[in-house]
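Start counting the sequence shown at 65; every next residue gets the next number (the working numbering).
Cβ coordinates follow ideal geometry from the N, Cα and C atoms, glycine included.
First comes the structure, then the notes that go with it.
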Amino acid sequence: MSRPSTPQSRPGVVQLGTVAGVPVYVRTSWFLVAGLIAFLMAPRIEVVQPGLGLLAYVAGAAFAVLLYLSVLLHEISHALAAKAYGMPVRSVELHFLGGVTEIAEEASTATREAVIAVVGPLTSLAVGVAAYAAVPFTPSGLPAFAVQALAAANLIIGVLNLLPGLPLDGGRVLRAIVWGTTGRPLTASLVAGWAGRTLAVLALGYPFLLAGVTGSQLQIIDMAFAVIIAAFLWTGATQAIGQARMRSRLPTLHARQLARPAHAVLHDLPLAEAVRQAQHARAGGLVVVTGDGSPVGVVSEQAVFATPDERRPWVSVGSLARSLEQGLLLSADLSGESLVRAMQDTPAGEYVLVDSDGSVVGLLVSADVDAAFSRA
Numbered sequence: 065m066s067r068p069s070t071p072q073s074r075p076g077v078v079q080l081g082t083v084a085g086v087p088v089y090v091r092t093s094w095f096l097v098a099g100l101i102a103f104l105m106a107p108r109i110e111v112v113q114p115g116l117g118l119l120a121y122v123a124g125a126a127f128a129v130l131l132y133l134s135v136l137l138h139e140i141s142h143a144l145a146a147k148a149y150g151m152p153v154r155s156v157e158l159h160f161l162g163g164v165t166e167i168a169e170e171a172s173t174a175t176r177e178a179v180i181a182v183v184g185p186l187t188s189l190a191v192g193v194a195a196y197a198a199v200p201f202t203p204s205g206l207p208a209f210a211v212q213a214l215a216a217a218n219l220i221i222g223v224l225n226l227l228p229g230l231p232l233d234g235g236r237v238l239r240a241i242v243w244g245t246t247g248r249p250l251t252a253s254l255v256a257g258w259a260g261r262t263l264a265v266l267a268l269g270y271p272f273l274l275a276g277v278t279g280s281q282l283q284i285i286d287m288a289f290a291v292i293i294a295a296f297l298w299t300g301a302t303q304a305i306g307q308a309r310m311r312s313r314l315p316t317l318h319a320r321q322l323a324r325p326a327h328a329v330l331h332d333l334p335l336a337e338a339v340r341q342a343q344h345a346r347a348g349g350l351v352v353v354t355g356d357g358s359p360v361g362v363v364s365e366q367a368v369f370a371t372p373d374e375r376r377p378w379v380s381v382g383s384l385a386r387s388l389e390q391g392l393l394l395s396a397d398l399s400g401e402s403l404v405r406a407m408q409d410t411p412a413g414e415y416v417l418v419d420s421d422g423s424v425v426g427l428l429v430s431a432d433v434d435a436a437f438s439r440a
């Protein structure tokens, strides 16, 4: 499964290493799933090769590792496809329901979206077919059972991921098809999101349908799995719908229109004089600049208020300024998704907006952007 993302901290994960320059993480919850797989597989392994005892659980855990290695191949294929199109990939993460490849940006075309999405399920299907082809050449007993189980699992993963609904890969393929047909990516996201919600409802009803068709008794474990899968699908689909609705409002955001007036001052100017000039210019912020007008720092209101009036004539604005880190200097011409992405790349409370010639336009406060977005 692949998805665009934004930078975020990673609590509860362990880094396994990197593949093709992409960090690979595993969630700690995966170890519980590995234990569950070992518990479920052990009785079947004991039937195939009696007398193993506790080693049957060890073999089950080994199968869980093997299965998730194939899931890793699925996710790496997403990452490689995205990188082939020049799109940065933040990470690959394995979790209890499979994995996710976090791509730093949206695909620029419907074709790229489809290719990046479909390579994952195709990789799983290829692994499944290859495993089945290897069965006749595998020693009988436990090795043959493991290869057959791996083949079946990958074929199921491949087919299920092709189902047309977000957050599944098939949902991204559906989104690409609707996008390519209508030319409206936001509409495509809504269609694929609602398709994902439909799949969630169908997943919840599947155990009842199975029990009705086969005449068997409804199993609690089947219902539990159905609820987990349905919740996963519904949550992912709902998130996709929410993001689509959010993006529909992004074009109304323009950095220049949201800028707060700021006054540019040299670093050695006394704070008292800087405040006087800012008040005269009706500017609410102070930006420290070099002799040629290039911004190098910002003086926050908190720093100004924390300085007693009697000390302000003797304190330079440069001594109170916070240096402008990379990413805190934004073009005043940014708007819509480009503006939001720039802010997400370097989260901060405020940014300095500059014109094309490098001159200071004003300050962009994150709270103002949030408020404008809420009003849109």
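key: Rounded separation between S253 and I180 - CA only   = One C-alpha to the other measures close to 16 angstroms.
ask   = Under a Cβ-count criterion, where at least 16 other Cβ atoms within 10 Å of its own Cβ denotes burial, should D421 be classed as buried or exposed?
value = The residue is exposed, with fewer than 16 neighbouring Cβ atoms inside 10 Å.
L387 burial status per 10 Å Cβ neighbour count (16 or more: buried) = It should be pointed out that residue 387 corresponds to Ser in this sequence rather than to Leu. If you draw a 10 Å sphere on the C-beta of S387, you find fewer than 16 other C-beta atoms in it, and that means exposed.
ask   = Per DSSP, what kind of secondary structure is T410 in: helix, strand or coil?
value = Note: T410 maps to coil in three-state DSSP.
key: Buried or exposed (CB count within 10 angstroms, at least 16 for buried), I167   = Here I167 is buried. Its C-beta has 16 or more other C-beta atoms within 10 Å.
ask   = What span of residues does the alpha helix (DSSP H) with Q303 cover, start to end?
value = Here the alpha helix (DSSP H) through Q303 covers 284 to 313.
inquiry  = What does the alpha-carbon distance come out to for the pair W243 and A338?
reply    = Put simply, the backbone Cα of W243 is about 53 angstroms away from that of A338.
key: Assigned secondary structure, G355 (DSSP; H/G/I helix, E/B strand, else coil)   = Note: G355 maps to coil in three-state DSSP.
request  = Just list the beta strand (DSSP E) runs in the region 328 to 372, keeping only unbroken ones of 3 residues or longer that don't cross its boundaries, in chain order.
outcome  = The region 328 to 372 contains these whole beta strand (DSSP E) runs: 349 to 353, 359 to 363.
message = Are the CB atoms of A336 and P372 within a distance shorter than 8 angstroms?
response = Judged by beta-carbon spacing, A336 lies beyond the 8 angstroms limit of P372, meaning their Cβ atoms are not closer than that value.
query = Between A304 and the rest of its own chain, which residues show a CB-CB distance below 8 angstroms, the 5 nearest in sequence each way excluded?
reply = Short of 8 angstroms from the beta carbon of A304, and not among the five residues preceding or following it, lie these beta carbons of its own chain, in chain order: L230, P231, G235, S253, A256, G257, G260.
query = Near A240, which residues of its chain fall below 6 angstroms by C-beta distance, leaving aside the five closest residues on each side in sequence?
reply = Around A240, the same chain offers A174, E177, A178 as residues with beta carbons nearer than 6 angstroms, after the five sequence neighbours per side are excluded.
Local Cβ density within 10 Å of V277, reported as buried at 16 or more and exposed below that = By the Cβ neighbour-count rule, V277 is exposed, with fewer than 16 other Cβ atoms within 10 Å of its own.
request  = Starting from the Cα of A288, find the closest Cα among S280, Y270, G355 and give me that residue.
outcome  = Residue nearest to A288 within the set S280, Y270, G355 is Y270 (criterion: CA-CA distance).
query = Applying the criterion that 16 or more other CB atoms from any shown protein chain within 10 Å of the CB defines a buried residue, is I140 buried or exposed?
reply = Here I140 is buried: its Cβ has 16 or more other Cβ atoms, across all protein chains shown, within 10 Å.
query = By Cβ distance below 6 angstroms, which residues in the same chain neighbour A301 in space, the five residues on each side in sequence not counted?
reply = Within the same chain, L230, G257, G260, R261 come within 6 angstroms of A301 by CB-CB distance, once the 5 residues on both sides are set aside.
ask   = Using the C-alpha atoms, what's the distance from A308 back to T251?
value = Their backbone Cα atoms lie some 8 angstroms apart in a straight line.
query = Nearest CA to the CA of G391: which residue from A406, V379, P325, G99?
reply = Measuring from the Cα of G391, the nearest candidate turns out to be A406.
query = For V352, which of H331, A342, E365 has the nearest alpha-carbon?
reply = The shortest CA-to-CA distance from V352 to any of H331, A342, E365 is the one to H331.
request  = Using only alpha-carbon positions, find the residue among R108, Q212, L144, G184 that is nearest to L130.
outcome  = Relative to the Cα of L130, the nearest Cα in the group R108, Q212, L144, G184 belongs to Q212.
inquiry  = So, for S402: in the same chain, excluding its five sequence neighbours on each side, which residues have a beta-carbon less than 6 angstroms away from its beta-carbon?
reply    = Around S402: no qualifying Cβ.
inquiry  = Within a Cβ cutoff of 7 angstroms, which residues of the same chain sit near L219, ignoring the five residues on either side of it in sequence?
reply    = Within the same chain, L219 has close Cβ partners L189, G192.
Selection from A275, A385, F160 that minimises the alpha carbon distance to S93 = The residue with the shortest Cα to Cα distance from S93 is F160.
query = How many Å lie between V291 and L273 at the Cα?
reply = Put simply, the backbone Cα of V291 is about 14 angstroms away from that of L273.
ask   = If we call anything under 8 angstroms between Cβ atoms a contact, is L384 one with L428?
value = For L384 and L428, no; Cβs fall outside 8 angstroms.
inquiry  = Taking DSSP's pairing of strands, which residues face Y89 in a bridge?
reply    = BP columns for Y89 point to Q79, E157.
message = Applying the 10 Å Cβ sphere with the 16-neighbour rule, what's the burial state of H344?
response = Exposed: under 16 other Cβ atoms inside 10 Å.
query = What residue range is occupied by the uninterrupted beta strand (DSSP E) comprising L274?
reply = Note, L274: premise wrong, no beta strand (DSSP E); alpha helix (DSSP H) at 249 to 278.
key: Own chain residues within Cβ distance below 6 angstroms of S430, not counting five before or after   = Around S430: G413.
query = Thinking C-beta only, is A123 closer than 8 angstroms to I109?
reply = Between I109 and A123, the C-beta gap is smaller than 8 angstroms, which places the two residues in contact.
Three-state secondary structure assigned by DSSP to T316 = It is helical.
task = Please say whether A342 and L350 have beta carbons closer to each other than 8 angstroms?
result = Against a cut-off of 8 angstroms, the Cβ pair of A342 and L350 comes out as a contact.
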